[in-house]
Every structure is written in structure tokens, then in C-alpha cells.
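Take a look at the structure set out below.
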Amino acid sequence: MRLHTMAVTAFGPFARTENVDFDQLFSAGVFLLKGVTGAGKTSVLDAVCFALYGTVPGHRPTTRLRSDHAPDTLRTRVELQFSVSGRRFKITRTPAQTYRSLRAKDGTATAQATAHLHERITHPDGTTAWEPVSAHIQETGTQVTTLLGLTKEQFCQVVLLPQGDFAKFLHASAGDRRALLSHLFTTHRFQDLQNWLAAHRNTLKADLQQAQGIIDHLSGRIEQAAGPHLTETTPLTETTPPPGTPHRTTLLPWTQNLLTRATAAFETARAAEAKADQAHQAAKAALATAVDLAGRQQRHREALARRTTLDGGREDNQHLRTRLEHARGAEHLRPLLAAVRTNADQLAKAKDAERDRRSLLDTAHTHATVPELEQAHQDLHAALGRLEALRPREERHTELAHRIATMDEKEKLAQEELDDTQEWLDSWPRTHAAATERITVLRGVADRIPQLAKDEDALAKQLEFAETRDALAAELDKATRTAARRGDQARAAQQKWLDLREQRLNGMAAELAGDLKDGRPCVVCGSPEHPSPARPSAQQPTRADEEKAAQAYEKAGKLHEAADRTRADLATRHAQATGAAGEEPVAELRTRLEQACTAHTEAQQEAADLVEAQQHLEELQTEHDRRTHQRAQAQKQVTEAQSRATTLRQEQQQIVRELEEARADAPTLEQRITTLTGTRDRLSDVIEYARRTAAVAARLADSTSTAHDSAAEAGFPTFEEAGDALQPPAAVQQWQKELEQWDKDDAAVTDLLSAPELVEAGQLPTAEPAVAQTVLTAAETAVKSATNNAHEAHTRVIELRHLTDELTPAEAALEGLRADHALADRLAEVVNGRSTANTLSMELEAYVLAGRLKEIVTAANTRLTAMTSERFQLVYSQEKEPGRGRAKAGLTLRILDNWTGLERETSTLSGGETFTTSLALALGLADVVTGEAGGRPLGVLFVDEGFGSLDEQSLTDVMDVLDQLRAGDRAVGVVSHVGDLSDRIPTQLHIRKERNGSTVHPVLAGA
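Note that numbering that gives the first Met the number 0 has the sequence shown beginning at 0, numbered continuously upward.
Here you go:
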């Protein structure tokens, strides 16, 4: 991996865009990143890390990456070009940042972070272009990690050796060193394996306890299924511990013994059940015989009692037979007799109905004959025809009344519209004059608006210049006082320098005498002897005093010149502002500007009504024309309504006269027609009912004659006697059923009394079924008891056989779990360093990291021996750190001093020795991490600070090692402000800290 170019914009201390050409800097192999404290040397490395991974080294947030010096319109941005495995990429990132926005409610908006990755592709025609690879932050981060083969933490550890972090790894405790190595080499999987083994052991322990519980539960179920009788006669032996004890022997022999005894008990119970069943069947047969005899004896006694009852009712039965024969003889006369009764009832009802209808007629027609009633009905029908002919005239009368009312309403509405229109037209001259005058006034106001705007702008500019004038006046006064003070200070410094120079010149002989030595010629007279050299006075100034005073004078003069330039500049600006603003105070100008703004605003608001006023005048003119036409139409409608109403009223009066003559004494024609119609309908009813009465009387006479003749033929003297003999059909059927039932009962009793089984039962002793039932009950109780015993024995055998089947695999599973748990427990103890089998007492992850640490120490010692002239070597130790109790073993570092041959703690190294050792350790760590990450060559390394603690020889040794890195095709960037490095490393990148932000300036070797 090699860096090529980088452009940072508004990032950290850099206010604008700064470009760094790494190709030029790395061409010399080693370059120096130089600048004063706080200039932004480390920010260059932060920009590289941010471009690649979207964050900066350490745990600093990315929300504070934006430069406080950058203008609001410039967005923070970093662009880095780098190459990996012959492929060149360009990555551009921006962090989340806020910016001013007119659309946002609070005036600021937030731009989200972005990331874009491009690759330079060479096309077949030889042209190159940047092709996009990714435009998503997460995807870009994954791509960079894959390309470099390093995570951000690994990159910072092997490429950016960070400021102040050299000695952390060297002096870290075993636990802290383990955490760092675990993170760099991603050995968490070994810790995960330790945790999994511990969890697996606990899981197996729980499974083992559960399996043991199953065995205990099965043992209890076996004891419960066997019952107290079997368990007392077949107890567990001494070699079979009771349930619940660990590692007990198998329960199968005991269980199988119980099963054998339960099977034998079941066979015995089955034999007892069969014997009890035979006794039960015999008792049931005896009970059935006793019950049958008792039943036959009961039926024989009931038949004798029934015979006595039937013989007692024989006479009544004969009388009922005679009545049944008479009723059957009159049955065929039932329709004729019913017809006579029906016609008599109908005749009575018809006479009553006719009488009721005649009572509704007037006296003249109450006793009239049917022909007289028919003539009166015809007369009324003719009169109704004449009245019906007048119905259209009455409807016309109603229609005329409605139309007359409509005409009156139209006349009223038209007259109201005519009055309203005339009133509006009367006010037209005044309305037109007011609207015209309003437009004239608004046009005058609109003409004044441009001049008011000019006045407002002029006053605003004059107020701005006046405010500037007053602000500059205060600054000018302050600058004048400062320039005067600086002038006094410069003159005082000059006078002090001249006084010291004069005093030094006066005592120059003594100064020269101070350099005289016996035998050395005097620089003034040349004599090698100096018998009376001049002696300096107590206040004699030296050359250094004079030079210090001269420097103070020069500095004071520069400050005076700068203050005077500032005062002159402020004076010029103040004069310009005064010329533009005049002498008028700011308060008065602000009042005048407010008045001008108010006048301008009011004029604009008032002039805005001009268009509306013109539209209003046009609408008034249109309304005037419409009202004039409306008045003419309304006058025409009034005249037409009055004429039409007069014609309709004349026709209405003629119809009224015709209707009054036809109504007679009725209030309306409809009521007259209704009255005559009611009279006609009542006459029709009376005529109809009179005809019905005559018809019913004729039918009655015919039915009476027929019934008399038929009764005589049936043997009845009169049809009235035949009616008395006639019975309801239900009664006849009931008598028939009673007689038939008597005959059946008589025959049945005769049959029963002659049946052999009943005759035999009557001759036998009385049966006793209760005694037989008692015997059967006792037999049932015995058979139930035997059946229950057999069922319980059978159930016991089934349960014991089932539990034996469950116990066999359960005990096999328990033994397997015991073996698995023992193995998992041994492995967990070994990988956690708590087993005696682990002779190193090291956890698995610590053992793996110890191997990595050995590699790091080997790689570090290669450079450490060179940087310390083979004095120091790092030593890896498996011992625990002293005073740390159960601390992790195997990750301790010590230092071997080859001059003394003794090992000692790394904390005993001096500052320079610590830096050298830490640098060698960091370089070794970088080599091992690079190899672990895939072995991709890293063509760049940055070393941040620490060189100030080295003496000249140590610095030379360290630079030799860095030169060796360059020989290995790795470019090295040294971040430092140590002066000696400027002479040793000619290729440099200067970071200059300025008031408005830092800038970068490359200095190339030989340039």
C-alpha cells in the first residue's frame, strides 16, 4: 500500500484546501513532518485515517473535524489517492456538518456524511478514467478494509505509530497487553471457545442432573406401580443404593424381579376371577326363574279380577248397542237435517239485515216495495250524472284562483324590483363621483413612491456610514493612544541601548583585558606581558547586554511602526466614512430612516389599492347599465301582471254562479255529489238485501219438505225424531270403540284363564324373587372384587413392563452424559488454566497471544539491538506479574541489559531508552500484524513524536534503523519538531500555524 496525494479542505486547523504530494515526499525515503505545537502535524495523519476509514485515531468524535477558521460556504472534505497491489484508488469523504440555510427554520441545516471510492481504469485505447466503485459509507469502509487487509485499529498500529502511544504497549500490564493483542490479532474466537466450553460443561452438568432426576423419578414410579406388597417382599439389595445417590448401580435387576412377581400375582388373580364368575352366572339363572314364576302368577290373578269386572257390566253394554243402531239409522239423514237448520238460520239473519238497511232510508222509502225502490234509485243516478258534468268547472275555478294569486305575486315582486332599481339609479351620480375622486388620489400617491424609495436608500447608506464613522472613531482613538505608547517604548528602548553601548565603549579596555593570558600577545599592543590589565567596574555591560538591548530596541521599533500603520489606516477609513455620512448623529439618522421607511411602506400599501379602485369603477359602470335595463323590464312585468289578473277574475265570477245553482244547500259541489251518492248506495243495499231474503225463504221451504219425506222412509214418524236419534260422529265412534274393546277384553280374559302356563303357575307355591336377588347381589360383589384384583394385577404388570422399557435407555443415556460431562469438564479446566494438566497455567487465548508476542519480541529485537548498539534486548516471560494474584500468565515483557547480563523491569528504562525500545517494539508489532493481516506490503510508515528524548548517538542509531526501513521499500514519515532532525532529514513538510488557519509547505531535498 502506498499513498500518492491528499487534499484536505476545512479540516482541523486547515481553513481552506491544502494539498499534500506524498509521491514527492516519499521519493527521498524519509521525510519530516515539521511544525510548532498545535500547527496540525498530527491532523495530517488524522486526515489520512479519516479518508480511509471515516474516523480518526483513538475515540474522538467525527463531529469536531470541521475547521473553526473555515468560511461558512466551504464544506469539510478529504480526498486521498492511494495504490494497493498495482491498483490505484481515489477516496473522497465528508463528515456530517452543519451549514447556513435560508430554507431551515433555525437558519441551519445538516449535511450527512458521504463517502465515494473510485478506481483508475486504463482502457484498451490507452486512456485512463476514474470509475466509481462505491458511493455508500458502509460499503466503502468494507472495500477499504478488504483492499488494505487491515482494520482501522490495525492500520493505526502498523502505519500510524501514534503520538504518545509508543510506551503504552511496553509498560502495559499483562491484562492490558492481552486486550490490545487480542483486538489486533482478533483472537476473540479462542476466548469464545473458552466460554463455549464452560457453557457446554454447565449445559452437560444440567443435562446430567436432569437425567439423574429422570432415573430417580422412574425409581419412584416403579415403587408406586409395584405397590407396598411387592416392594416389601422384594426390597433393594445392599449393592443397589437407594434413589438419589450419585453413581449408583443399575436398577434393572430389582425392576425385573418386581415384574416377575407381579406377573405371577396376575395369573392367581385371573383364576379367582373365573371362579367368582361361575357363581355369579348360577345366581343370575336362579333369579330369572323366580322372577318368571312370580310374573305368571301375577298375570293369573289379574285375569281372574278382570273376568269379574266384565261380567258386572254386561247389561249396560247391551243398552249401548241399541242406541248405536238408532244413531246409525239416522246418519244418512244428517245432510238434510243440517240443510233445514242452515236455511232457517240464514232466513232469520237475512230479515235482520234487511231491517237494518231499511232503517237508514228516509221515511218515504222505509216500507217501499222493491219496484218502488228501484225507481227511486234510477232518479238519483240521473241527478248524479248531471252533477259530475260540473266537476271540470269547479276544478277550473280552483285553477283560476291559483293563477290570480300567482299574477298578484308576480306584480308584487316586479313592483319591488322596480322600486329597488329606481332607488339605486337615483344614487348613481354620487357613487360615480366618489369612485372617480378615489382613483385620482391613489394615482398621485403611486407617483410619489419612486422618490420615497430613493430617499429611504440614501438615508440607509448614510446611517451605515455614520455607524462605521463612530465605530472607527473609537478604534482610531485607541490606536492613537497605542501608537503613542509604542513610540514612547521605542524611544526608551533606543535610549537604553545607546546608554549601554556608551558604557561598554567606556569600559572596552577592561573587556579586552578579560581575554588576556600570560604568554599570549595582546590584540591591541602585541605585548605578551600584561603587568597592569584594566579591571572592569561592577556595572560594566557585556556584549550580550548590548545585543539584548539592541534586539529590544528593534522589536519596540517594529511594534511602533505596526501601531502607527494601524493608526494611519484607521484615520483614512474614518475620514472616508465621515465624508460619506457627514456630522449628523446616528440617532437622528436612524429616526429619519424609520420615518422614511414608514412613509414608503404606507405609500406602497395605499397605492396597492389603485388597481382595485379602477376595477371597482368599471364594476359600478357595468352595474349602472344592468340596473337601467332591469328597470324597464320590471315596469313591463307590472303592466302585464295587472292585465292578466283582470281577465282571470271575470272568468272566475261566471263559474261561481253556475256552481251555486248546482250545489243547492250543500257548501260545495263535491259534498252535494257525496250526499246523493250515499243515498243511492243505501237504496242499492236495501234492494239487494230484500232480494236475498226472498231467495232464502224459498230454499227453506224446499229443504223442509225433502227432510220430512226421507225421515218417513227411514222409519221415523217425523224428521224431528230422526234429529233426536242422530248423534255426533265422535260419539258414535267412541261407542263403537268401547263395544269393540269390551269384546276384545272378554276374549283375552277367556284366553288367559285357559293358558296352560298360567293354569300351572296358579297351582304352584308363591315365588320368592327377593331371596334370589339377595343371593345374586352377594355373587356380583364377589365377582367385582375378583375382577378389580385381576385388573390391578394386569395394570401393575403393564406399568412395570413399560417402566422397565423406559429405565433401560435412561440408564444408558445417564452413563453417556457422565462420560461427556467428565470430558467437557477436563477440557474447560485445561483451556482456562485451572487444571494440573495445564503445566503453564495459561488460558487458551493467552497461549495463542503468547506465541504472537514471541514473534513481536523477535522482530523488535532485530531493530532494538541495532538502535542500542546491541546493549538491550526484549525478553518474553511466562511468569505472572508480581502482586497481581490470579492475573493472566504468559504475557510479561522484561528488558535484558547485555552490559550487565541482568534482566529488569521495562519501567527502569530512561526516557530515551524507553522511546527507543518502544519504537522497536512498535515496528516489530507492525511487522507481525502485517503478516497476520495477509502479508500485503505496506509502503508507508508514520512515526509521531518522541525523538526529543534521545541523545545524539541514540538519534543516529534510530535514524539508521529508519533508513533500513527505507531500504526495504517502505517510506517513512517522521512527525517531530526536534531541531536536529531538520538537519538530518532534508525532505520536509512544514505546517505553519497562522491566525486564519494552518497551511502546508513542502521543502524538497536539493530544491
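For each residue, glycine too, the CB sits at the ideal point set by N, CA and C.
Open item on the list: Rounded to the nearest angstrom, what separates Pro252 and Ala268 at their Cα positions?
Closed with: Per the coordinates, the alpha-carbon of Pro252 lies some 25 Å from the alpha-carbon of Ala268.
Task: Neighbourhood of Gln421 by C-beta, 8 Å cutoff - its chain only, sequence neighbours within 5 removed - done: Here the set comprises Arg630.
Open item on the list: Please report the straight-line C-alpha distance between Thr913 and Val856, rounded to a whole angstrom.
Closed with: Distance between the alpha carbons of Thr913 and Val856: 15 Å.
- [ ] Assuming Ala562 contacts Gln461 (C-beta within less than 8 Å), just tell me the rounded distance between them.
- [x] Not a contact, Cβ separation roughly 31 Å.
Open item on the list: Using 8 Å for Cβ pairs, my map puts Leu319 next to Leu738. What's the rounded Cβ distance?
Closed with: In this structure Leu319 is in contact with Leu738, their Cβ atoms being roughly 6 Å apart against a cut-off of 8 Å.
Task: Through-space distance from Ala273 to Ala785, alpha-carbon basis - done: One C-alpha to the other measures close to 8 Å.
Task: Pro755, enclosing beta strand (DSSP E) - first and last residue - done: Run containing Pro755: none in the beta strand (DSSP E); it sits in the alpha helix (DSSP H), 755–762.
Task: Within 8 Å, strictly: CB atoms of Leu372 and Val695 - done: No, Cβ-Cβ distance for Leu372 and Val695 is not below 8 Å.
Open item on the list: If contacts are defined as beta-carbon pairs under 8 Å, then Ile438 and Gln604 qualify, I think. What distance do you get, rounded to the angstrom?
Closed with: Wrong, their Cβ atoms sit about 17 Å apart, outside the cutoff.
Task: Close-in-space but distant-in-sequence residues of the same chain around Thr262 (CB under 8 Å, 5 per side omitted) - done: The answer, listed in chain order, is Val796.
- [ ] Look up Ile984 in the DSSP assignment and say whether it is helix, strand or coil.
- [x] Of the three classes helix, strand and coil, the one that applies to Ile984 here is coil, per DSSP.
Open item on the list: By alpha-carbon positions, which one of Ser26, Asp568, Val43 ends up nearest to His989?
Closed with: Comparing Cα positions, the closest option is Val43.
Open item on the list: I'd like the span of the alpha helix (DSSP H) that includes Lys411, first residue to last.
Closed with: Residues 390–425.
Task: Host beta strand (DSSP E) of Asp896 (start-end) - done: Note, Asp896: beta strand (DSSP E), 891–896.
TODO: Could you have a look at Phe715 and say whether DSSP puts it in helix, strand or coil?
DONE: In the structure shown, Phe715 falls within a coil segment according to DSSP collapsed to helix, strand and coil.
Open item on the list: Classify Trp898: buried if its beta carbon has 16 or more other beta carbons within 10 angstroms, exposed otherwise.
Closed with: Looking at its Cβ environment, which holds fewer than 16 other Cβ atoms inside 10 Å, Trp898 is exposed.
Open item on the list: Please state whether the Cβ-Cβ distance between Leu196 and Ala827 is less than 8 Å.
Closed with: Cβ distance < 8 Å, so Leu196 and Ala827 count as in contact.
TODO: Using a threshold of 8 Å, state whether the C-beta atoms of Leu940 and Arg862 are closer than that.
DONE: For Leu940 and Arg862, no; Cβs fall outside 8 Å.
Task: Euclidean distance between Cα positions of Arg681 and Leu360 - done: Our two residues, Arg681 and Leu360, have alpha carbons roughly 7 Å apart in a direct line.
TODO: Give every residue of the same chain whose Cβ lies closer than 6 Å to the Cβ of Glu416, excluding the five residues on either side of it in the sequence, and list them in chain order.
DONE: Excluding positions up to five away in sequence, the list reads Ala633.
Open item on the list: Please classify Lys40 as buried or exposed, where buried requires at least 16 other C-beta atoms within 10 Å of its C-beta.
Closed with: In summary, Lys40 is buried, with 16 or more beta-carbon neighbours lying within 10 Å of its beta-carbon over all protein chains present.
Task: Option in Ala747, Ser868, Arg903 with minimal Cα separation from Leu303 - done: Nearest to Leu303 by alpha-carbon distance, out of Ala747, Ser868, Arg903, is Ala747.
TODO: Using alpha carbons as the reference points, say which of Ser642, Ile213, Arg59, Leu159 lies closest to Leu918.
DONE: Across the set Ser642, Ile213, Arg59, Leu159, the C-alpha of Leu159 shows the shortest separation from the C-alpha of Leu918.
- [ ] Could you tell me whether the Cβ atoms of Leu51 and Val132 are closer together than 8 Å?
- [x] 8 Å or more divides the Cβ of Leu51 from the Cβ of Val132.
TODO: Would you list the residues sitting across from Ser82 in a DSSP beta bridge?
DONE: Under the DSSP definition of a beta bridge, Ser82 partners with Arg1, Arg87.
Open item on the list: Could you check whether Lys411 and Gln636 sit closer than 8 Å to each other, using their CB atoms as the reference points?
Closed with: For Gln636 and Lys411, no; Cβs fall outside 8 Å.
Open item on the list: Could you check whether Gln111 and Pro1001 sit closer than 8 Å to each other, using their CB atoms as the reference points?
Closed with: Taking 8 Å as the Cβ cut-off, Pro1001 and Gln111 do not qualify as a contacting pair.
Task: Buried versus exposed, by CB contacts within 10 Å (16 or more), Arg485 - done: Buried, by the Cβ-count rule.
TODO: Measure the C-alpha to C-alpha separation of Ser172 and Asn18 and round it to an integer number of angstroms.
DONE: If you take the alpha carbons of Ser172 and Asn18, they lie about 41 Å apart.
Open item on the list: Please classify Ile120 as buried or exposed, where buried requires at least 16 neighbouring CB atoms within 10 angstroms.
Closed with: Taking every protein chain shown into account, the CB of Ile120 has fewer than 16 other CB atoms within 10 angstroms, so this residue is exposed.
TODO: Decide if Pro449 is buried, meaning its Cβ has at least 16 other Cβ atoms within 10 Å, or exposed.
DONE: That one is exposed.
Open item on the list: Is it the case that the stretch 649–666 contacts the stretch 396–405, given that we only count it when at least three CB pairs across the two stretches are under 8 Å?
Closed with: Yes: at least three Cβ pairs fall under 8 Å.
- [ ] Taking 8 Å as the cut-off, decide whether the C-beta atoms of Leu890 and Ser181 are in contact.
- [x] No, the pair does not count as a contact, with Cβ atoms beyond the cut-off.
Open item on the list: I want to know whether the stretch 299–317 touches the stretch 717–733 - three or more CB-CB distances under 8 Å.
Closed with: The stretch 299–317, when compared against the stretch 717–733, does not touch it at the 8 Å Cβ threshold.
Open item on the list: For Thr590 and Ala108, what's the separation of their Cα atoms in angstroms?
Closed with: Put simply, the backbone Cα of Thr590 is about 37 Å away from that of Ala108.
TODO: Spatial neighbours of Ile221 within its chain, please: CB distance less than 6 Å, with the 5 preceding and 5 following residues excluded, ordered by chain position.
DONE: Cβ within range, chain order: Thr254, Leu802.
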